[in-house]
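Undergrad:
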Ligand SMILES: C[S@@+](CC[C@H](N)C(=O)[O-])C[C@H]1O[C@@H](n2cnc3c(N)ncnc32)[C@H](O)[C@@H]1O
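Residue numbers (the working numbering): 90 to 463.
(1) Taking the C-alpha atoms as reference points, what is the distance between residue 254 and residue 364?
(2) With DSSP as the reference, label residue 147 as helix, strand or coil.
(3) If we ignore side chains and look at the alpha-carbon of each, how far apart do residue 372 and residue 202 end up?
(4) Taking the alpha helix (DSSP H) that residue 134 falls in, what are its first and last residues?
(5) Check the DSSP bridge columns for residue 241 and list the partner residues they point to.
(6) Any contact of the segment 309 to 316 with the segment 238 to 248, i.e. 3+ C-beta pairs under 8 Å?
(7) Using alpha carbons as the reference points, say which of 196, 174, 272, 110 lies closest to residue 226.
(8) Determine, using beta carbons only, whether residue 283 and residue 382 come nearer to each other than 8 Å.
(9) Taking the alpha helix (DSSP H) that residue 112 falls in, what are its first and last residues?
(10) Who are the near neighbours of residue 124 in its chain, counting only those whose CB is closer than 8 Å to its CB and skipping five residues on each side?
(11) Quick check on the burial criterion: 16 or more other C-beta atoms within 10 angstroms. Buried or exposed for residue 288?
(12) Within 10 angstroms of the Cβ of residue 443, are there 16 or more other Cβ atoms? Answer buried if so, exposed if not.
(13) When you compare each of 352, 354, 367, 327 to residue 339 by their alpha carbons, which one comes out closest?
(14) How would you call residue 142, buried or exposed, if buried means at least 16 neighbouring beta carbons within 10 angstroms?
(15) Taking just the CA atoms, how far does residue 427 sit from residue 266?
(16) Nearest by alpha-carbon distance to residue 239: which of 165, 271, 223 is it?
(17) Which whole-angstrom value is the C-beta distance of residue 262 and residue 291, which I expect to be below 8 Å?
(18) Got a sec: does ligand 1 put a non-hydrogen atom nearer than 7 Å to the Cβ of residue 288?
(19) What residue does the alpha helix (DSSP H) around residue 404 start on, and which one ends it?
(20) Measuring from the CB of residue 107, is there a heavy atom of ligand 1 at a distance below 7 Å?
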């Protein structure tokens with residue numbers, strides 16, 4: 090059994106822990122910005138393939154206290170790197186430092202790389218070359234309060250990069266956060282899901298993948314664990330093929346998005362097609378108040394309205410947030426309403442009774458998922 094640490098946006102730790110539990114991980118301990126768990130190679134592959142709310146899955150290989158760049162170099166050089174890689178493999182190091190004597194993360198990353206390369210040069214006369222795009226061995230150095238954890242990063246490129254959203258619109262929601270919020274909201278995938286301010290369609294696409302039982306990593310071309318010396322290709326292929334066979338063809342209930350902007354709707358459609366669900370989702374250019382529930386059972390209405398970060402914008406948005414409340418009361422009775430925003434003053438303008446309010450970090454920005462009673 091190997092110990093891993095899966096990272097996620099702060100606030101999503103309970104969602105991530107629940108996902109890990111469903112996948113069969115053992116000794117799950119949610120912590121700040123992630124969860125520790127134990128598992129074998131199959132568990133690691135399932136985690137990378139299936140976790141919707143995770144950003145990375147790290148495999149810690151060394152922990153130590155560090156105060157200087159030279160101390161870092163010495164600690165990394167003391168590891169027997171032959172156990173983890175060969176000089177013929179490519180390498181990259183990512184580093185984040187917080188509240189520590191070391192302050193320069195790029196310099197710290199370089200010292201780690203130098204220590205590994207110097208050890209290989211001394212022992213074999215050869216050194217690994219650096220590939221920051223698709224390294225066979227991707228390392229993550231996390232330093233907090235002068236305590237360092239050096240880990241193998243099992244995906245290298247972050248797991249939230251699902252591959253369906255090459256086009257960026259203003260303020261799209263991170264895919265892992267959107268999926269995590271849907272899971273946290275307890276959306277029952279057998280009932281409809283509507284986002285009337287869908288932007289690039291992230292809630293709708295992530296919702297469709299959840300409803301279809303489609304793992305977010307299914308079409309990813311490269312996970313860094315595929316370059317590890319202990320990579321078990323037949324096991325990985327079997328896990329991925331099983332998952333592919335279990336993907337449903339039809340959505341159990343309607344998933345739809347609308348937005349005021351035509352370019353947003355165009356982006357949403359393009360992204361949904363890239364995600365393989367374009368034929369299953371409905372996107373329409375509509376003012377918020379013109380959106381109507383699909384016929385049949387009530388479902389979940391979720392949106393991520395503009396937050397009003399620029400001066401003057403907040404004032405204009407008061408009316409928009411108030412309209413969320415009035416249109417919900419008028420047309421969406423019986424539905425569950427969720428609003429994700431960083432702006433508490435604006436959220437209160439929705440004017441409906443608050444059922445629940447919970448903080449989540451969108452990058453470094455503290456946001457809340459508000460559930461209102463309609
Ligand atoms: C923060 S963005 C949503 C981003 C989206 N969650 C995504 O992942 O791309 C807010 C969206 O609200 C839309 N919007 C603003 N006012 C609106 C209105 N009155 N009716 C419908 N949509 C509106 C904007 O066009 C924008 O796409």
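Even for Gly, the Cβ is constructed at its ideal location relative to N, Cα and C. Given the structure is predicted, the values throughout are model-derived calculations rather than measurements.
TA: Looking at the atomic coordinates:
(1) 8 Å
(2) strand
(3) Residue 202 has its alpha-carbon roughly 47 Å from the corresponding atom of residue 372.
(4) 130 to 139
(5) 148, 228
(6) yes
(7) 174
(8) Yes, the Cβ-Cβ distance between residue 283 and residue 382 is below 8 Å.
(9) 102 to 112
(10) Correct list, in chain order: 94, 95, 97, 102, 105, 106, 109, 117, 118.
(11) buried
(12) exposed
(13) Of the candidates 352, 354, 367, 327, 367 places its Cα closest to the Cα of residue 339.
(14) buried
(15) Rounded to the nearest whole angstrom, the C-alpha separation of residue 266 and residue 427 is 14 Å.
(16) 165
(17) 5 Å
(18) yes
(19) 402 to 420
(20) no
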